[in-house]
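>
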Amino acid sequence: MLLLLSAAAPAQTTVEGTTVPGPRADFAALDRNRDGHISRVEALANAEVQKRFAAFDTDKDGLLSESEYALAMEDNEKRILRDSLITARVKAALLAEKGIPSLSIAVETYEGRVQLSGFVKAPDIASRAGRVTAGVSGVRTVHNNIGVK
155 MLLLLSAAAP AQTTVEGTTV PGPRADFAAL DRNRDGHISR VEALANAEVQ
205 KRFAAFDTDK DGLLSESEYA LAMEDNEKRI LRDSLITARV KAALLAEKGI
255 PSLSIAVETY EGRVQLSGFV KAPDIASRAG RVTAGVSGVR TVHNNIGVK
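Residues in the sequence shown are numbered consecutively from 155, following the numbering used here.
(1) Would you decide whether residue 210 is buried or exposed? Buried here means 16 or more other CB atoms lie within 10 Å of its CB.
(2) What three-state label does DSSP hand residue 301 in the structure shown?
(3) So, for residue 249: in the same chain, excluding its five sequence neighbours on each side, which residues have a beta-carbon less than 6 Å away from its beta-carbon?
(4) For the candidate residues 219, 241 and 199, whose alpha-carbon lies nearest to that of residue 296?
(5) Thinking C-beta only, is residue 237 closer than 8 Å to residue 202?
(6) Looking at the secondary structure, which residues open and close the beta strand (DSSP E) in which residue 274 lies?
(7) Using only the alpha-carbon positions, how far apart do residue 219 and residue 198 sit?
(8) For the beta strand (DSSP E) containing residue 107, list its first residue and its last residue.
(9) When the Cα atoms are used, what is the spatial distance from residue 188 to residue 229?
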């Protein structure tokens, strides 16, 4: 994850000997016509860039420069870390709550929106899991998809 934060490195090598592309390599892969910018059409190759293109295009010229792309990737890494922290907090809160089979509940987070899924034995347990989740710091909304078996 931190590899994407370093705009200077064209590529990094992991301990296992596999090459992991850095932001310059990622940028070059998206910049199909090699004009030094990523257009909206070129951004179609990356779902996250496509989805948040307007926010990443800080100068509003309809193109992403390499520096805008590097900042966007840094922003994306921060979002991933925030979401991971929220997921960990939710799992800890569910684990601490007596009567909730936390190991039977999956937790996924995207931009503070938490989705719960899995199966429990009673509807009140599913509802309680949703309430516990809603009380966790950083949770914006809860999509409770816990089923009852």
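All C-beta atoms, glycine included, are put in the ideal place defined by N, C-alpha and C.
With the given structure in hand:
(1) buried
(2) strand
(3) 256
(4) 241
(5) no
(6) 267-274
(7) 16 Å
(8) Lying before the first or after the last residue shown, residue 107 is absent from the chain, which here runs from 155 to 303.
(9) 24 Å
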